[in-house]
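*Asks:* Numbering (this note's numbering), first residue to last: 3 to 36. By construction, the Cβ of each residue, glycine as well, lies at the ideal position given by its N, Cα and C atoms. Nothing here was measured: the structure is a model prediction, and the numbers come from that model. Sharing a structure below in structure tokens format, with a few things to ask.
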Amino acid sequence: MNEGVSPQLGLSMILLKVFLLALSEYLALILLFP
């Protein structure tokens, strides 16, 4: 495998986790405070 692919994949996974976390908090705020 290419050495340059692994760090980029890790970064994208971190960004995905942060995005999902922010999205879940945003939806929770909408549901709790309509």
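In angstroms, rounded to a whole number, what distance separates the CA positions of S26 and G12?
*Replies:* So the alpha carbons of these two residues sit roughly 21 Å apart.
*Asks:* What number of angstroms, rounded off, separates the C-alpha of L18 from the C-alpha of F35?
*Replies:* For L18 and F35, the distance between alpha carbons rounds to 26 Å.
*Asks:* Note down the Cα distance separating L23 from P9, rounded to an integer number of angstroms.
*Replies:* Roughly 21 Å separates the two Cα atoms.
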